[in-house]
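So the sequence lines, in the order shown, correspond to chains A and U.
Numbering that gives the first Met the number 0 numbers the first residue of the first sequence as 0 and each following residue consecutively.
Numbering that gives the first Met the number 0 numbers the first residue of the second sequence as 0 and each following residue consecutively.
Here a beta-carbon is modelled for each residue, glycine too, at the ideal position from N, C-alpha and C.
Keep in mind that this is a model prediction, so the values were computed, not measured.
2 protein chains.
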Amino acid sequence: MRGIILSLLLVVAGASHYCQSAVAEERLSDYIRPLVGTHGEGNTYPGPSAPFGMLQLSPDTERDLWETASGYEYSDTSIMGFSLTHLSGTGIPDLGDFLFMPQIGEPKLTAGAKDDPDAGYRSRYSHDQESAAAGYYQVKLLDSGINVELTAGERAGMMRFTFPASEQASIMTDLQHFLRGNRFKLIWSHVRVEDPATVTGYHLINGWGKERYLYFAARYSRPFDSHRIMSDGNEVRYDSYKNYRFRSRNEAAGTNLQFLAEYKTHADEVITVKVAVSAVSAANALKNLDAGAPGWDFDAMREATRKAWDEELSRIQIEGDAAEKETFYTALYHCFLAPNLYADVTGEYRGLDSNIHQADGFQNYAVFSLWDTYRATHPLFALIQAERDGDMIESMLAHFDQSVDHLLPMWSLQGNETWCMIGYHAVPVIVDGYLKGVRRFDAERAYEAVKTTAMNPDYDGVATYDKLGWVPCDQENESVSKTLEYAYDDYCIAQMAKALGKDDDYAYFMRRANSYKNLFDPSVGLMRGKDAEGDWRTPFDAHEYVHLGDFTEGTSWQYTWYVPQDVPGLIALMGGNEAFCEKLDSLFSFGENDSEGLDDIQGRIGEYWHGNEPSHHIIYLYCYAGQPWKAQETLRRILRTQYGNQPHSLTGNDDCGQMSAWYLFTALGFYPVCPGSDEYIIGSPAVSEATVRLSNGKELTITAENQSDENVYVQSVRVNGKPWNSVHLPHKEIANGGTIEFTMGPTPNKAWGVAKKNAS
Amino acid sequence: MRGIILSLLLVVAGASHYCQSAVAEERLSDYIRPLVGTHGEGNTYPGPSAPFGMLQLSPDTERDLWETASGYEYSDTSIMGFSLTHLSGTGIPDLGDFLFMPQIGEPKLTAGAKDDPDAGYRSRYSHDQESAAAGYYQVKLLDSGINVELTAGERAGMMRFTFPASEQASIMTDLQHFLRGNRFKLIWSHVRVEDPATVTGYHLINGWGKERYLYFAARYSRPFDSHRIMSDGNEVRYDSYKNYRFRSRNEAAGTNLQFLAEYKTHADEVITVKVAVSAVSAANALKNLDAGAPGWDFDAMREATRKAWDEELSRIQIEGDAAEKETFYTALYHCFLAPNLYADVTGEYRGLDSNIHQADGFQNYAVFSLWDTYRATHPLFALIQAERDGDMIESMLAHFDQSVDHLLPMWSLQGNETWCMIGYHAVPVIVDGYLKGVRRFDAERAYEAVKTTAMNPDYDGVATYDKLGWVPCDQENESVSKTLEYAYDDYCIAQMAKALGKDDDYAYFMRRANSYKNLFDPSVGLMRGKDAEGDWRTPFDAHEYVHLGDFTEGTSWQYTWYVPQDVPGLIALMGGNEAFCEKLDSLFSFGENDSEGLDDIQGRIGEYWHGNEPSHHIIYLYCYAGQPWKAQETLRRILRTQYGNQPHSLTGNDDCGQMSAWYLFTALGFYPVCPGSDEYIIGSPAVSEATVRLSNGKELTITAENQSDENVYVQSVRVNGKPWNSVHLPHKEIANGGTIEFTMGPTPNKAWGVAKKNAS
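Laid out in structure tokens, this is it:
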């Protein structure tokens, strides 16, 4: 009976929701399109998550393909089930912990294949019977007729299953499921039936991180009619005559475990499952669950999360049509999915040293895709999410304290360091945050961590770089990219040293920041590998894109532009503004690069590859060289062609929000080309009006008169009422709010923006 | 230099120790012979442990043989190394966690074989250059010339290695080492170099317990000259040109890890390693280490542990010659090795539910070999170690609280239930303790646990037993043994119910306690399997010893005597005292039982097998049937022939002290045939005088006039000055101390001890 009533309420609530949003006041959360980026390279997931939430319930269509890193590919036609955690936009799979799948009939224990879903618990589904919104995902499983709804709060989630009448309905939890990309291994798992309506368990994953523990807890809205634990396909139970020793039906450990909650259901019976995770213990997962979902009201949790999204999105209010708002707010949504809360309601979390720590005085976050997010995501946080950015920096400093190598995080994943990508880009996050007023952390402690990281004698050729002035290509892979990125990071350290009055350190790191000059080969006009003897890499192919070459996911033609800390210096090396701009022009006009392994970088315009981060700052370089109008046109073209409100709209991995943060800054008309410096570079706003609520509560209002898809060229700018004729916009000009007034037009105003500094 | 000085001190200290003990006052710890039981079936270990200590450093000669369950077999001629934890006297291997082995030359990473120790890190050794004492073990590794000394405190231990001069000396820690008996699996391990003189790590073992986590910490008296982590034989390090991503030299996870601390040593250089373990975390292992071994004084730790043993052993003071004292105090030592402290200095421990718990108000213990130790070990604790026994009962109640099946421990091992053996013998431990005044735990809570365990609907045929009155042999293996042991356990519950005024429960469990009668087949005069229809097992072989038969590690001839709760009832079933004693006589005169799998039960006299527990109470049954003199002679024969002060002296697995506790009670002249009742049965004292300091501080003095190896027959007894002519000795007679005065003689006094109760 309860099931029927709940189910009726659901229909009413669902219907009223959609009516409401059409007639009532605008809710920014309604512009969120979670399916954006799920088709192709975006690698986002469609399921619900609270802002920066601890868990991300979402359907998985794939587990073994490297390229379906979020578990869901829009073009797949069957769903394996619904797991509790997901990475947003990464290029490497992981998480996808603990798959829940409702079934009818004798439960299947393996997923089956995409081309034969009937062989396993997979079910066909249709996008026509699927919906995704802020804090909500729904899909009808066509093979069983079960309707599935998911919602998620900060530390707990709910799954609402509406069953047909069945003598044999079940909800399976597959503990060995995670997004393994066919390379990673489940080491161990454990499941425990705490009582006839509660299950806990954990698994230990040797995946992207070498050793990741995750526990879960699940409470069911009605006690199981019966339950089974399956291990390697066999029921775990004591057979009183066959077994030598007693065996509990209520717990098991192993590497291939499924739990089956079994029911007889009547038509439209609703069974709700509350879930939570913890990296610490099953007990903490239960605490997270009970604190995060004390009741059984699915719709209330959904509404609470939707409200949380309304509030988070309200940090930027824009004018625009529905499609523009959907694109913009979905980008903001994607920026606010990661890093993820990684601490239990008790404050405990599993640290990098595998010990359980208490986060005292801060919220602990995990999943730092720093090689991506230092560029625009964290600068966005510094601008409008400073409190969380402070927590994130505290989390990174805790990571440093727990690091046996005394290193800040590189690409950290739930108590693990993956060592993914290069550089030490926690540095620009910390320095940029510090210089822009992000507080909470102790500056001297942070500086110590930043400097110690940059001085590590073992890490990735840093010691040789320090000694020679470059990472030698005969001793270290990706040597040019490493040199260039170290030099930028070192520039950041120098800025913090200066701010803290450490003059010697400032000089030392500014010397290192100039190291980029050592790899610029004037004979080819490009950055080029150099060996320990000082000889250039020979033969040299400026378009070579190769694994373990001198460049990281790119070519010399792309990395040559990577001097954000000293663009004038780079311009000088290239022979001045004209030569620089001509070279930039040619980047966009090269033909197709047919290197192997390039399939997963899309958004390619010549050799400008917007689908990956090394290109993200490049268009803005026109602004430094007296031709900002070229940037304006190109930026607006990228916004139009490589973003949108459709599943296929993202041309590259969203990378925990970096692709989206690029969109947001660029659409607002400025971009942090060099985080750690005090300036943004003005581009071309794609919104006609925006109000940005800064972290300190002050408002920055951006207006763009005559803004349209044709009027992409900046005619003039006023900042805080002052005429502004420079592309350089110091953070301090807007730090306390204010106004930026653009006037746009259909043709370049070549006189605007060529000044080195604002004249007035 | 420090090394040399330490080494000189060692020689002096070592010499003075032995001189001292010869001339100074008697120290009971000097009678401890840790090697007793290491040759053959005893399965004890020779290394140091504090009383009931958390770790047991000891040499391992074997890892893969099931029968070398403690890791050390005296007849082996090479040592693999020294691991941190060991089980005392069990029949199944496990523990042996984390092997440390000092080496000279290029370190070997695998042990090599016994017949080819040079193939690995094994070293030859000689018993001539080996010594073992309370809290101390020493051996010279003949292949390397390294002298090894071990000591252990309550939660930390020390290893002192004296090296020859070497350009390449090392101390290896093999993380994949544990006592696997060729059946168990290491699931995962992790090692971490915390600083250049500190290492931590853990491993996860799927062994006797399905999921056992143990962490360790080690601090070295001088920083490594260099260090290496080896994984699958390869050094873990970042090769800057070959590796795609950075790899730390300082930590690794995997299934085959070794850590190498590397040194150049001068002649006689001493390097000391402090070690500790934790089931909770590496951080806690370090806390245990630093709290348990704050300094570097090996000899001080050894002396502290020796003193702790002096104090523990002083609970019983006996008269006797050196050999007698060595046998007696080594037995007492073995009784006080287990259960083991299983909580960190913080009070935290990993519970049966895998969660981390805080032991509030009690010390948590693990390793409960209850099928063995309920018989005499825990009754001994109730008598002279009540405070610890109370802690142990609290630990068992915590286990119950954490049990998903709501069961008290059966055979629990460090946060695991092994389900080893049968019955629910936590019950007699709790009831016997409760009735004998062991306190700390709440009686109602304990009763609830006891009763709930006995009413479990799933466990080992208990539900059918409750319904039918026996465990049917067509539905459950070991059905006769289970029925008999359940009946005894139920008798115990009834006694506690009575004490708590639960009359209905008393009647209910007393009915179950009579279930033994249902399996006595008068046509054969023996206990016999019965199926669910009530038909006897046919064919029936009274001497059959078979795996998964009707009996547990025994035959009908042995289990027929298992009615400790109602010996008069059994006597009546057998036709009275004469027939009963004749049948008992025949037990000792049967020829060799040549059943398969019997090799590991020794101490066989006919079908009385003293090497295993089902026989332990049998001799005392003569006392109930009017022929106590037969018991007296036989008991003394067993004491003389199956115990002693030599490595081969134990004829059966010591089973966490049960074999030894049998010795102690029997040597003192009485034995708890039926724990949970209020009485002991008087046998024949083998000591001429003993003073037992009871748990309440009162003293019980036992004297045996004319006691000798010939004068084994009790002539008369006085208890607290009163003439005592019964074999029955109520606990309350001695609970507040007092005297038992035996007069012994060379021939039976058949008039003594035949009264049902003491007449006076």
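Would you tell me roughly how many angstroms separate the C-alpha atoms of N748 (chain A) and I739 (chain A), rounded to the nearest one? In this structure, the straight-line span from the alpha carbon of N748 (chain A) to that of I739 (chain A) is close to 18 Å.
Beta-carbon proximity list for D352 (chain U), same chain, < 6 Å, skipping 5 on both sides: Around D352 (chain U): Q401.
Looking at the C-beta of G468 (chain U), does it have a partner C-beta in chain A at a distance below 7 Å? By this cut-off, G468 (chain U) is not an interface position.
Shorter than 7 Å from the beta carbon of S480 (chain U) to some beta carbon of chain A? Judged by the 7 Å Cβ criterion, S480 (chain U) is not in contact with chain A.
Cα-Cα separation between R439 (chain U) and I383 (chain U), rounded to whole angstroms: Distance between the alpha carbons of R439 (chain U) and I383 (chain U) is about 15 Å.
Just tell me which of A:R159, A:V235 and A:V192 has its CA closest to the CA of D267 (chain A). Ranking A:R159, A:V235 and A:V192 by Cα distance to D267 (chain A) puts A:R159 first.
Could you name the residues of chain A that W187 (chain U) contacts, counting a contact when the two beta carbons are closer than 7 Å? Under the 7 Å cutoff, chain A gives I186, W187 and L203.
Local Cβ density within 10 Å of N695 (chain A), reported as buried at 16 or more and exposed below that: The residue is exposed, with fewer than 16 neighbouring Cβ atoms inside 10 Å.
Flag this pair as yes or no: are the beta carbons of A281 (chain U) and T199 (chain U) separated by less than 7 Å? Between A281 (chain U) and T199 (chain U), the C-beta spacing is below 7 Å.
CA-CA distance, E532 (chain A) and G468 (chain A)? E532 (chain A) and G468 (chain A): Cα-Cα distance of roughly 12 Å.
Identify which residue in U:Q494, U:C491 and U:W560 has its Cα closest to the Cα of F519 (chain U). Put simply, of U:Q494, U:C491 and U:W560 the residue whose alpha carbon is nearest the alpha carbon of F519 (chain U) is U:W560.
Where does A760 (chain U) fall in DSSP's three states? Only positions 0 to 759 of chain U appear in the structure, and residue 760 (chain U) is not among them; the question remains open.
Are the segment 413-433 of chain U and the segment 340-357 of chain U touching, with three or more C-beta to C-beta distances below 8 Å? For the pair of segments examined, the segment 413-433 of chain U was found to touch the segment 340-357 of chain U: the number of CB pairs separated by less than 8 Å reaches three.
Cβ-based burial, H126 (chain A) [other Cβ within 10 Å; buried from 16]: Exposed, because fewer than 16 other Cβ atoms sit within 10 Å of the Cβ of H126 (chain A).
Secondary structure at N748 (chain A), three-state DSSP: helix, strand or coil? Looking at N748 (chain A) - three-state DSSP - the assignment turns out to be coil, as it is neither helix nor strand.
Skipping 5 residues on each side, what residues in its chain have a beta carbon closer than 6 Å to that of L285 (chain A)? Scanning its chain for C-beta atoms nearer than 6 Å, with the 5 sequence neighbours on each side dropped, one finds around L285 (chain A) the residues A216, in chain order.
Unbroken stretches of the alpha helix (DSSP H), 4 residues or longer, contained in the segment 280-338 of chain U: Entirely contained in the segment 280-338 of chain U, the alpha helix (DSSP H) runs reaching 4 residues are, in chain order, 281-291, 297-312 and 321-334.
Helix, strand or coil at K516 (chain A) according to DSSP, with G and I counted as helix: Looking at K516 (chain A) - three-state DSSP - the assignment turns out to be helix.
Supposed close pair A660 (chain U), Q316 (chain U) - CB separation, criterion 8 Å: Between Q316 (chain U) and A660 (chain U) the Cβ distance is about 18 Å, and since that is not below 8 Å, they are no contact.
Grab the span of the alpha helix (DSSP H) containing S478 (chain U) for me, first residue to last. That run of the alpha helix (DSSP H) goes S478 to A498.
How is K450 (chain A) classed by DSSP in three states: helix, strand or coil? Three-state DSSP puts K450 (chain A) in a helix.
So, is the C-beta of M0 (chain U) closer than 7 Å to a C-beta in chain A? Low confidence applies here, because M0 (chain U) scores a pLDDT of 30, under 50, leaving its location unreliable; read the following figure in that light. Between M0 (chain U) and chain A, the shortest Cβ-Cβ separation is not below 7 Å.
For chain A, find out if any of its Cβ atoms is closer than 7 Å to the Cβ of F245 (chain U); answer yes or no. Cβ-Cβ to chain A under 7 Å: yes for F245 (chain U).
Neighbour list for A252 (chain A) in chain U, Cβ cutoff strictly below 8 Å: Residues of chain U whose Cβ lies closer than 8 Å to the Cβ of A252 (chain A) are, in chain order, N205, K209 and E210.
P760 (chain U) (DSSP reduced to helix, strand or coil): Residue 760 (chain U) falls outside the range modelled here, since chain U spans only 0 to 759, and no answer is possible.
Between which residues of its own chain and L634 (chain A) is the CB-CB distance below 7 Å, once the five residues before and five after are set aside? When the five nearest sequence neighbours on each side are left out, the beta carbons in the same chain lying within less than 7 Å of the beta carbon of L634 (chain A) are those of I618, T665, G682 and S683, in order along the chain.
Going by beta carbon distance, what residues of the same chain come within less than 7 Å of P378 (chain A), once the five residues before and after it are set aside? Within the same chain, P378 (chain A) has close Cβ partners D431, P671 and P674.
How many Å lie between Y212 (chain A) and L83 (chain A) at the Cα? In a straight line, the C-alpha of Y212 (chain A) is about 14 Å away from that of L83 (chain A).
Assuming contact is defined by CB atoms lying nearer than 7 Å, are A151 (chain A) and P47 (chain A) in contact in what I supplied? Yes, the Cβ-Cβ distance between A151 (chain A) and P47 (chain A) is below 7 Å.
Could you pull the DSSP bridge partners for T37 (chain A) from this structure? Looking at the DSSP output, T37 (chain A) shares a beta bridge with no other residue.
Measuring alpha carbon to alpha carbon, tell me which residue in A:D473, A:I680 and A:E325 is nearest D530 (chain A). Each of A:D473, A:I680 and A:E325 was checked against the Cα of D530 (chain A), and the nearest Cα belongs to A:D473.
Compute the Euclidean distance between the alpha carbons of H405 (chain U) and E193 (chain A), then round it to the nearest angstrom. About 11 Å.
Under 7 Å by beta carbon: chain U residues contacting Y240 (chain A): Contact note: Y240 (chain A) reaches chain U through Q474, E475 and N476, using a C-beta cutoff of 7 Å and chain order.
For L663 (chain U) versus A330 (chain U), is the C-beta spacing smaller than 7 Å? For the pair L663 (chain U) and A330 (chain U), the CB atoms are nearer than the 7 Å cut-off.
Please classify D320 (chain U) as buried or exposed, where buried requires at least 16 neighbouring CB atoms within 10 angstroms. The C-beta of D320 (chain U) has fewer than 16 other C-beta atoms within 10 Å across all chains shown, which makes the residue exposed.
Give me the chain A residues within the contact set of R248 (chain U), using Cβ-Cβ distance strictly less than 7 Å, ordered along the chain. Close partners of R248 (chain U) in chain A (Cβ separation under 7 Å): D457.
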